[in-house]
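Taking it in order: structure first as structure tokens, then the write-up.
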Amino acid sequence: MKMNKILLAAAGLVLLASQAFAQVQLNGAGATFPAVIYSKWFDEFKNNTGVQINYQAIGSGGGIKQVTEGTVDFGASDGPMSDAQLNEAKAKQGTNILHIPTVLGAVVVSYNLPGGQKGLNLDGETLADIFLGKITKWDDARIKKLNPKLSLPSRAILVAHRSDGSGTSFIFTDYLSKVSKEWESKVGKGTSVNWPVGLGGKGNDGVAGLIKQTTGTIGYVELAYAVQNGIMYANMKNKAGEFVEPSFKSVTLAAEGVKNMPEDLRVSITDADGKGSYPISGFTWLLVYSNFKNEAKAGAFVKFLKWAMTKGQGYATGLYYAPLPKTVVKMCEKKIASITVNGKKVK
Amino acid sequence: MKFNRNVLPNKEEKKGLFKKIHLSNNIGDFVFERLTLLFAVSVFLLVLLMGYEMYQSSKLSIDKFGLSFLSGSTWDPVKEIFGALPIIYGTIVSSVLALAIALPLSIGVAVFLAELAPSWLEKPLSFLVELLAGIPSVVYGLWGVFVLVPWIRDYVEPYLSDKLGFLPFFNGAPYGFGLLAAVIILSVMVLPIITSITRDVLKSVPAAQREAALALGATRWQAIKIVLADSRSGILGATMLGLGRAIGETMAVTMVIGNRALISPSLFDPSYTMASVIANEFTEATSELYLSSLVELALVLFVITIIINGLARLLVWSMDRKWRRG
Numbered sequence: 092m093k094m095n096k097i098l099l100a101a102a103g104l105v106l107l108a109s110q111a112f113a114q115v116q117l118n119g120a121g122a123t124f125p126a127v128i129y130s131k132w133f134d135e136f137k138n139n140t141g142v143q144i145n146y147q148a149i150g151s152g153g154g155i156k157q158v159t160e161g162t163v164d165f166g167a168s169d170g171p172m173s174d175a176q177l178n179e180a181k182a183k184q185g186t187n188i189l190h191i192p193t194v195l196g197a198v199v200v201s202y203n204l205p206g207g208q209k210g211l212n213l214d215g216e217t218l219a220d221i222f223l224g225k226i227t228k229w230d231d232a233r234i235k236k237l238n239p240k241l242s243l244p245s246r247a248i249l250v251a252h253r254s255d256g257s258g259t260s261f262i263f264t265d266y267l268s269k270v271s272k273e274w275e276s277k278v279g280k281g282t283s284v285n286w287p288v289g290l291g292g293k294g295n296d297g298v299a300g301l302i303k304q305t306t307g308t309i310g311y312v313e314l315a316y317a318v319q320n321g322i323m324y325a326n327m328k329n330k331a332g333e334f335v336e337p338s339f340k341s342v343t344l345a346a347e348g349v350k351n352m353p354e355d356l357r358v359s360i361t362d363a364d365g366k367g368s369y370p371i372s373g374f375t376w377l378l379v380y381s382n383f384k385n386e387a388k389a390g391a392f393v394k395f396l397k398w399a400m401t402k403g404q405g406y407a408t409g410l411y412y413a414p415l416p417k418t419v420v421k422m423c424e425k426k427i428a429s430i431t432v433n434g435k436k437v438k
Numbered sequence: 032m033k034f035n036r037n038v039l040p041n042k043e044e045k046k047g048l049f050k051k052i053h054l055s056n057n058i059g060d061f062v063f064e065r066l067t068l069l070f071a072v073s074v075f076l077l078v079l080l081m082g083y084e085m086y087q088s089s090k091l092s093i094d095k096f097g098l099s100f101l102s103g104s105t106w107d108p109v110k111e112i113f114g115a116l117p118i119i120y121g122t123i124v125s126s127v128l129a130l131a132i133a134l135p136l137s138i139g140v141a142v143f144l145a146e147l148a149p150s151w152l153e154k155p156l157s158f159l160v161e162l163l164a165g166i167p168s169v170v171y172g173l174w175g176v177f178v179l180v181p182w183i184r185d186y187v188e189p190y191l192s193d194k195l196g197f198l199p200f201f202n203g204a205p206y207g208f209g210l211l212a213a214v215i216i217l218s219v220m221v222l223p224i225i226t227s228i229t230r231d232v233l234k235s236v237p238a239a240q241r242e243a244a245l246a247l248g249a250t251r252w253q254a255i256k257i258v259l260a261d262s263r264s265g266i267l268g269a270t271m272l273g274l275g276r277a278i279g280e281t282m283a284v285t286m287v288i289g290n291r292a293l294i295s296p297s298l299f300d301p302s303y304t305m306a307s308v309i310a311n312e313f314t315e316a317t318s319e320l321y322l323s324s325l326v327e328l329a330l331v332l333f334v335i336t337i338i339i340n341g342l343a344r345l346l347v348w349s350m351d352r353k354w355r356r357g
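Residue numbers (my numbering), protein chains in the order written: chain A, 92 to 438; chain B, 32 to 357.
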């Protein structure tokens, strides 16, 4: 009997002790696209500091919803929150939400021409008209004009797009909306849109499967996916009039070329200015409360954000993401420094 | 004596019976009875709760679109116009066509297994059929993408459009991905379910039925016909289970159907199903109305399933009555 009591007391002590030394734990949820680099970051960060950050890749929509409801410590999204969503979040949580870009993603236009021909050149208007169903044959005069060297067949163009809602589709349709007025008014931009023509494939692999299997198909996939799987992609004409091959470098250049970056960093960088910039790319953001309620959490997360902007960026290219340009990192660091906890500066 | 009566109560006695048990302090029986009642009611409550929750979450879209949600044919998340007609159409057409292919095949296989096959063949064949039922749907999907779709594109569709191209059902460009691929993959998926249940139903028909028929001079085929007639309500139940699986199937279908909300008579054209739309778009749906419309789609699917099940029950019931009278 006595022995039992001692054991019980010991167990209680252990429990108390473990609570006292419990490490700071943060929970986040959101976009699937950056999930790979986020889990690498959180892993490395835990090894260095002991702070545990959990991330659930439930999709951008879920990330925005959860950060609005306050069920997570931070969210993540491939598309920026709208003003209405920001207002709703502020009304519910009593604090603003900051958009902190973390890495860049890009979308490549992939295709399958007879004989495995490489080096297709396209510009925005032509691409938009293909996806609008206005250009239906590969030997259309407009495609021919851009590709005098290729032997284009008189074959129907089959369009392939994502059927699942995704940040990839958002960046792609955002680009088409910028380069084609007709696309903007008829279809618009979004994670899912009402596609005028074509077949839908689920995920990057679904679209890539459609392209690989059927000669004459054109579609779009994430740059990271294309690089890892050796998928052929087209060179896109940028604003400066050059045909640019998608690469981590040309994507970072696109972010660098943004003039008048807005203060809240909610910006689309598709069809960017600047030499050598690839036009179909975009940020992915962490959604962070500008005022934390818990001191320990605020301290840990600010520390993490600072780390992600410096050391963390070094992991990007290895995991097939484009790192942020220095100009953007500077702006982010300013944002991070403005985070408060209960109105006071974070230590 | 009392105990014996307790074992097989008739309906009138039931009420008083449990009172007696209660009075005689048989707590175990009492608790057991209440517990099973609780479980039975909880199933009912769960269904009601699901319907209610879905109705609540989709109120926004129900108020906004009303009936045009069912009759509209534009599904545009950007402009927030949601009409689900092509999606409902795709769901029902793909499932019904799949059933039309699978049902005769399944019954044929089941009759062979239950009535004709020698036992050395029946055991492994039954095992294989049940194995088919256990394959995860994503595996069917992969098989569809890599084997079925190329086969349809290179052989089936060119052949059909060559021979039957004058019909609107077999018109269009042969891409492989589309309604036809979905129908075929669904029919393969529901086949094992219908087959294994039908086989069990056929086997449960007393041997005396067959023997009596044979003794009266019936041929084997005529005897089988009698057995089939005996088990038709069971076969109908199996069919409904198959239809249920086809309607709710998500992964395999979305991988091959082409995912476009489109009403077209041609089997070669892409289509879309309700379960696929929900699975595809739910994670990235950001606006309230969009989410609400997706939930309404789930509600429509739920109601359609209930209607189909209800109709099936009604059919079985009316057939049973006719059978008894006849």
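Ideal Cβ placement from N, Cα and C applies to all residues, glycine included.
Just so we're clear, the structure is a prediction, and the values are computed from it rather than from any experiment.
- By the C-beta criterion, the region 201-215 of chain B is judged not to be in contact with the region 224-244 of chain B, since fewer than 3 inter-stretch pairs fall below 8 Å.
- In the DSSP assignment, SER235 (chain B) falls within the unbroken alpha helix (DSSP H) covering 210-235.
- Residue burial is scored here from C-beta neighbours: PRO117 (chain B) has at least 16 other C-beta atoms within 10 angstroms and is therefore classed as buried.
- Under the DSSP assignment, LEU223 (chain A) falls in the alpha helix (DSSP H) whose first and last residues are 215-223.
- Counting the other Cβ atoms within 10 Å of the Cβ of GLY224 (chain A) gives fewer than 16, which makes it exposed.
- If you draw a straight line from the Cα of ALA254 (chain B) to the Cα of SER235 (chain B), it is about 15 Å long.
- Annotated as proximal: VAL109 (chain B) and LYS280 (chain A), with beta-carbon spacing under 8 Å.
- Pairing VAL287 (chain B) with VAL176 (chain B) gives a Cβ-Cβ distance under 8 Å.
- In the DSSP secondary-structure assignment, SER168 (chain A) is bridged to A:TRP376.
- At least 8 Å separates the CB of GLY373 (chain A) from every CB of chain B.
- Following the DSSP letters along the chain, one finds ILE191 (chain A) inside the beta strand (DSSP E) bounded by residues 188-202.
- ASN382 (chain A) carries a strand assignment under DSSP once its states are collapsed to helix, strand and coil.
- Taking C-beta atoms as the reference points, GLU315 (chain B) and SER268 (chain A) fail to come closer than 8 Å.
- Contact annotation, ALA387 (chain A) with VAL163 (chain A): C-beta distance approximately 16 Å; criterion of less than 8 Å not satisfied.
- Excluding its 5 nearest sequence neighbours in each direction, GLY291 (chain A) has C-beta neighbours in its own chain below 7 Å: HIS252, ARG253, SER254, listed in chain order.
- Taking a beta-carbon distance threshold of 8 Å, ASP107 (chain B) counts as an interface residue toward chain A.
- The alpha-carbon separation between GLY103 (chain B) and ALA317 (chain A) amounts to approximately 37 Å.
- Taking the Cα positions, GLY121 (chain B) is about 10 Å away from ASN290 (chain B).
- Judged by DSSP secondary structure, ASN320 (chain A) falls within the alpha helix (DSSP H) whose first and last residues are 314-320.
- MET305 (chain B) places its beta carbon 8 Å or farther from that of VAL334 (chain B).
- Contacts with chain B (Cβ-Cβ distance below 7 Å) from the region 231-256 of chain A involve ALA247, LEU249, SER254, ASP255, GLY256, listed in chain order.
- Taking C-beta atoms as the reference points, TYR311 (chain A) and VAL142 (chain A) fail to come closer than 8 Å.
- Assigned with DSSP and collapsed to three states, PHE197 (chain B) falls in coil, not helix or strand.
- Comparing C-alpha distances from ILE112 (chain B) to each of B:PHE96, B:ILE123, B:ALA260 shows the shortest one belongs to B:PHE96.
- Within the same chain, SER88, PHE313, ALA316 come within 8 Å of LEU322 (chain B) by CB-CB distance, once the 5 residues on both sides are set aside.
- The residues ILE155, ALA180, ILE188, HIS190, ARG357, LEU378, in chain order, have a CB closer than 8 Å to that of MET172 (chain A) in the same chain once the five nearest residues on each side in sequence are set aside.
- The Cβ atoms of ILE371 (chain A) and TYR266 (chain A) sit closer than 8 Å to each other.
- The beta carbon of VAL178 (chain B) sits no closer than 8 Å to any beta carbon of chain A.
- LEU344 (chain A) and SER368 (chain A) do touch by the CB rule: their CB atoms are close to 4 Å apart, below 8 Å.
- When the Cα atoms are used, ILE123 (chain B) and GLU216 (chain A) turn out to be separated by approximately 38 Å.
- Under the Cβ criterion of 8 Å, THR285 (chain B) is counted among the residues facing chain A.
- Proximity of ASN285 (chain A) to chain B, defined by a Cβ-Cβ separation below 8 Å, is satisfied.
- MET81 (chain B) sits exposed, since fewer than 16 C-beta atoms from the chains shown fall within 10 Å of its C-beta.
- For the region 194-206 of chain B, residues whose beta-carbon sits nearer than 8 Å to a beta-carbon of chain A comprise ALA204, TYR206.
- Cβ-Cβ separation between GLU313 (chain A) and ASN326 (chain A): approximately 17 Å, too far for a contact (criterion under 8 Å).
- THR105, TRP106, ASP107, PRO108, VAL109, LYS110, ILE112: these are the residues of the region 94-122 of chain B whose beta carbon lies less than 9 Å from some beta carbon of chain A, given in chain order.
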